[in-house]
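Data first, discussion second: the structure below is written as structure tokens.
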Amino acid sequence: MRFAPSPNGALHLGHAYSALLNEKLARELDGILLLRIEDIDTARCTPEKRQAVFDDLAWLGLSFDPPTTRLQSAHFDFYGVALEKLRKMELVYPAFMTRGEIRSHVARFEARGKSWPRDPDGSPHYPGIEREMDDATRKQRIAEGQPFAWRLDVRRALARLEKPLTWQEATDETATTWRLETADPARWGDIIIARSDTPVSYHLVVVLDDAVQSITHVVRGRDLFEATAVHRLLQTLLDLPEPVYLHHRLILDETGHKLAKSRGSMSLADYRAHGVTSTELRVRLGFASL
Numbered sequence: 001m002r003f004a005p006s007p008n009g010a011l012h013l014g015h016a017y018s019a020l021l022n023e024k025l026a027r028e029l030d031g032i033l034l035l036r037i038e039d040i041d042t043a044r045c046t047p048e049k050r051q052a053v054f055d056d057l058a059w060l061g062l063s064f065d066p067p068t069t070r071l072q073s074a075h076f077d078f079y080g081v082a083l084e085k086l087r088k089m090e091l092v093y094p095a096f097m098t099r100g101e102i103r104s105h106v107a108r109f110e111a112r113g114k115s116w117p118r119d120p121d122g123s124p125h126y127p128g129i130e131r132e133m134d135d136a137t138r139k140q141r142i143a144e145g146q147p148f149a150w151r152l153d154v155r156r157a158l159a160r161l162e163k164p165l166t167w168q169e170a171t172d173e174t175a176t177t178w179r180l181e182t183a184d185p186a187r188w189g190d191i192i193i194a195r196s197d198t199p200v201s202y203h204l205v206v207v208l209d210d211a212v213q214s215i216t217h218v219v220r221g222r223d224l225f226e227a228t229a230v231h232r233l234l235q236t237l238l239d240l241p242e243p244v245y246l247h248h249r250l251i252l253d254e255t256g257h258k259l260a261k262s263r264g265s266m267s268l269a270d271y272r273a274h275g276v277t278s279t280e281l282r283v284r285l286g287f288a289s290l
């Protein structure tokens, strides 16, 4: 199992719950617990924020097994090999439309009384007008320095599959019984795999890291449940092993929204500053104290 925070802000109770559940299950299932720092956004994930994550986890009393912590920012070359493989398979294409151009395209379409498809998060699918762009035009636009993102051609990717995609999902947070879930990555449209200014996207890097770290059980928040369909597609395309999944409950605020750094949720550092002990916090989240 692995706990994989992104140090682009302070950890909150939701992160603590996920980390502690990973710890609990690793012990109960006689497994190991690894730490991964998801810092592909090197502009926002600063060394100071990374150290704050380490401080929070130490305060919680969490201990992680060897090998040493995996920093995604140290492995961009490794991720680039996978991106190149997808390019050679002709499953990704450079997409040049800006956010504004996407919004305008969708607005013109929906002005005719039709509904444009949206992903599970509510964002409109990328129009994909560059899917059939000739190589010469692509190369010219890239050479001119036009910003672009590498997007997965989901329709072409799905056409390569020999059978429907599924995954094993835990029926509860004991991770002892499982149900079969159907994966439908087409609901996400042509997702971003990498950007011209960022070597890799979350979707690609997470499946590569889970494979290289030999993760058998992925324990993460319910907000990533739908994204598993994309991850199963990439695992299949890249011949990666398939872990089992447990998408645990989310810790909500008083308004019923999930905790988030962007919403100003109280951080673990804030709790420490208010005199809350790690034992008290563990008990509050439903985990026995050390």
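Each step along the sequence shown adds one to the number in the numbering used here, with nothing skipped, and position 61 is 61.
Idealized CB from N, CA, C, for every residue including glycine.
Every value quoted in this text rests on a predicted model; they were computed, and no experiment measured them.
- Note on Gly14: 16 or more other CB atoms within 10 angstroms of its CB, so buried under the neighbour-count rule.
- Exposure of Thr166 is indicated by the presence of fewer than 16 other C-beta atoms within 10 angstroms of its C-beta.
- Cβ-Cβ distances below 6 Å link Ala229 to Ala183, Asp184, Pro185 in the same chain, with the five nearest sequence neighbours on each side left out; the list follows chain order.
- In the DSSP assignment, Ile192 falls outside any alpha helix (DSSP H) and within the unbroken beta strand (DSSP E) covering 192–195.
- Contact between Lys24 and Phe287 holds, with the beta-carbon distance rounding to 6 Å and staying under 8 Å.
- Counting only residues of its own chain and dropping the five nearest sequence neighbours on each side, Ile215 has a CB closer than 6 Å to the CB of Arg2, Pro243.
- Contact check between the region 196–209 and the region 97–109: fewer than three CB pairs, one atom from each, fall below 8 Å, which does not count as touching.
- In the DSSP secondary-structure assignment, Glu280 is not bridged to any residue.
- Taking all protein chains shown into account, Ala111 has fewer than 16 neighbouring C-beta atoms within 10 Å of its C-beta and is therefore exposed.
- Apart from sequence neighbours up to five positions away, the residues of its chain that approach Gly31 with a beta-carbon distance below 8 Å are Met1, Leu25, Thr216, His217, ordered along the chain.
- Cβ neighbours of Ala211 within its own chain (closer than 7 Å, five residues either side excluded): Leu240, Pro241.
- Around the beta carbon of Ile37, a 10 Å sphere encloses 16 or more other beta carbons of the protein chains shown; the residue is thus reported as buried.
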